[in-house]
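Numbers in our numbering are just positions in the sequence shown, counted from 1, shifted up by 2. Notes to accompany the following structure.
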Amino acid sequence: MTLFSLRSARLLALAGAIAALAGQVAHADVDTNVAKQIKAKLTAGNPRATIGEVRESPVEGLYEVEVDGGNILFVSKDGGHFIAGDLFEVSPKQVVNLSEQRRTRQRASIMESQSIDDMIVFSPKGKPKAHIYVFTDVDCGYCRKLHDDVPELNRRGIEVRYLAFPRAGLNSQGYRKIATAWCADDPNATLTKLKNRENVPLDVCKNNPVAAQYKLGNESIDVRGTPTIVMEDGTVVPGYLPPDTLVKALGI
Numbered sequence: 003m004t005l006f007s008l009r010s011a012r013l014l015a016l017a018g019a020i021a022a023l024a025g026q027v028a029h030a031d032v033d034t035n036v037a038k039q040i041k042a043k044l045t046a047g048n049p050r051a052t053i054g055e056v057r058e059s060p061v062e063g064l065y066e067v068e069v070d071g072g073n074i075l076f077v078s079k080d081g082g083h084f085i086a087g088d089l090f091e092v093s094p095k096q097v098v099n100l101s102e103q104r105r106t107r108q109r110a111s112i113m114e115s116q117s118i119d120d121m122i123v124f125s126p127k128g129k130p131k132a133h134i135y136v137f138t139d140v141d142c143g144y145c146r147k148l149h150d151d152v153p154e155l156n157r158r159g160i161e162v163r164y165l166a167f168p169r170a171g172l173n174s175q176g177y178r179k180i181a182t183a184w185c186a187d188d189p190n191a192t193l194t195k196l197k198n199r200e201n202v203p204l205d206v207c208k209n210n211p212v213a214a215q216y217k218l219g220n221e222s223i224d225v226r227g228t229p230t231i232v233m234e235d236g237t238v239v240p241g242y243l244p245p246d247t248l249v250k251a252l253g254i
């Protein structure tokens, strides 16, 4: 485990301590010297880490720093101490995970920036009411189950935007199968045939987007299995949801 690989740690003890301090995230500019000092200390601790922007956090005396493109640290003003994990806001009625809210917004922005031309899209007739992104594999049972629901999701106005995520990696037979769908003259029909276990001749073309989408899922969205559904607002659903549940979650 590296110095900055502790994102999953939960700061439940901290949550109680910050009850009187937590509030809306501040957006004031951080003093240049403070930012430089924090970055210098973190870089000295791990020269291989990529240190992002230093920002004010909701807790006085702690600064929010993004590391390695996704992990968030809460760092002291002198850069000498940090807390790795999630920051919670405690209100009279609930505890809110501020870190997850930030990740959700970030995921939504990342997904909207992807080219839809690189996805295999199943669209409803007329204007979609909503859309979902699905990281999929052709050999997973629940991916097939979700794909069987696509006509019903389309009927209800939901557009399904597929991205490739071969679970066994980029040197696997699963990669060659799913890349065949992205390389086909009719990607939608080919993906459906592969998910239905039909015999499709494998044909992996150059410059297909499967490797890039696999990297996106691993590094930016934290895909841990298939299917992984990403809602329009950036909320991640790790697994299968039936149409009724999806429709309700999308507010349709």
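Here a beta-carbon is modelled for each residue, glycine too, at the ideal position from N, C-alpha and C. Given the structure is predicted, the values throughout are model-derived calculations rather than measurements.
Quick one: Cα of residue 27 to Cα of residue 102, how far?
Model confidence at residue 27 stands at a pLDDT of 40, short of 50, so the residue's coordinates are unreliable and nothing is read from them.
Residue from 158, 69, 120 with nearest C-alpha to residue 133
The shortest Cα separation from residue 133 among 158, 69, 120 belongs to 158.
Could you check if residue 149 is buried or exposed, using at least 16 other CB atoms within 10 Å of its CB as the buried criterion?
Residue environment analysis places residue 149 among the buried positions, since at least 16 neighbouring C-beta atoms fall within 10 angstroms of its C-beta.
Rounded to whole angstroms, what is the Cα-Cα separation between residue 126 and residue 163?
Distance between the alpha carbons of residue 126 and residue 163: 11 Å.
Backbone CA spacing between residue 246 and residue 229 [nearest angstrom]
Straight across, the Cα-Cα distance linking residue 246 with residue 229 is about 17 Å.
With distances taken from CA atoms, which of 121, 154, 130 is nearest residue 166?
For the set 121, 154, 130, the Cα lying nearest the Cα of residue 166 is the one of 121.
Can you round the beta-carbon distance between residue 182 and residue 202 to whole angstroms, since I take them to be within the 8 Å contact cut?
6 Å between Cβ atoms; contact.
Going by alpha carbons, who is nearest to residue 215 out of 73, 138, 94?
Among 73, 138, 94, the Cα nearest to that of residue 215 belongs to 138.
Looking at the secondary structure, which residues open and close the beta strand (DSSP E) in which residue 73 lies?
Its beta strand (DSSP E) spans residues 73-78.
Whole-angstrom C-beta distance between residue 32 and residue 61, which should lie under 8 Å
Not really, about 14 Å apart at Cβ, beyond 8 Å.
Helix, strand or coil for residue 143, going by three-state DSSP, please let me know.
Residue 143 falls in the helix class under three-state DSSP.
Count the other CB atoms within 10 Å of the CB of residue 172; is the residue buried (16 or more) or exposed (fewer)?
Exposed: under 16 other Cβ atoms inside 10 Å.
Can you list the beta strand (DSSP E) stretches of 3 or more residues lying completely in the segment 151-232, in chain order?
Segments of the beta strand (DSSP E) lying fully in the segment 151-232: 160-166, 230-232.
Would you tell me roughly how many angstroms separate the C-alpha atoms of residue 14 and residue 193, rounded to the nearest one?
Only weak support exists for where residue 14 lies, its pLDDT of 36 falling under 50; the coordinates are left without a value.
Would you call the segment 226-240 in contact with the segment 105-123, where contact means no fewer than 3 C-beta pairs closer than 8 Å?
Yes: at least three Cβ pairs fall under 8 Å.
Give the secondary structure of residue 47 by DSSP, where H, G and I count as helix, E and B as strand, and everything else as coil.
Per DSSP, reduced to three states, the secondary structure at residue 47 is helical.
Quick one: complete alpha helix (DSSP H) runs, 4+ long, within the segment 46-133?
Correct list: 100-114.
DSSP-derived helix/strand/coil call for residue 245
Correct three-state label for residue 245: helix.
Closest by C-alpha distance to residue 87, when choosing among 66, 80, 35, 51
Closest in alpha carbon position to residue 87, among 66, 80, 35, 51, is 66.
Kindly indicate which three-state DSSP category residue 34 falls into: helix, strand or coil?
DSSP places residue 34 in the helix class (H, G or I) of the three-state scheme.
Distance between residue 59 and residue 29 (C-alpha atoms, nearest Å)
With a pLDDT of 47 at residue 29, under the threshold of 50, the modelled position of that residue is not reliable, and the figure given next carries that caveat. Pairing residue 29 with residue 59, the inter-Cα distance amounts to about 8 Å.
Just to confirm my understanding: we take residue 160, look at its own chain, exclude 5 residues before and 5 after, and list those with CB closer than 6 Å. What are they?
Around residue 160: 132.
Buried or exposed (CB count within 10 angstroms, at least 16 for buried), residue 207:
With fewer than 16 other Cβ atoms within 10 Å, it is exposed.
Buried or exposed by the 16-neighbour rule on C-beta atoms within 10 Å, applied to residue 199:
Exposed, by the Cβ-count rule.
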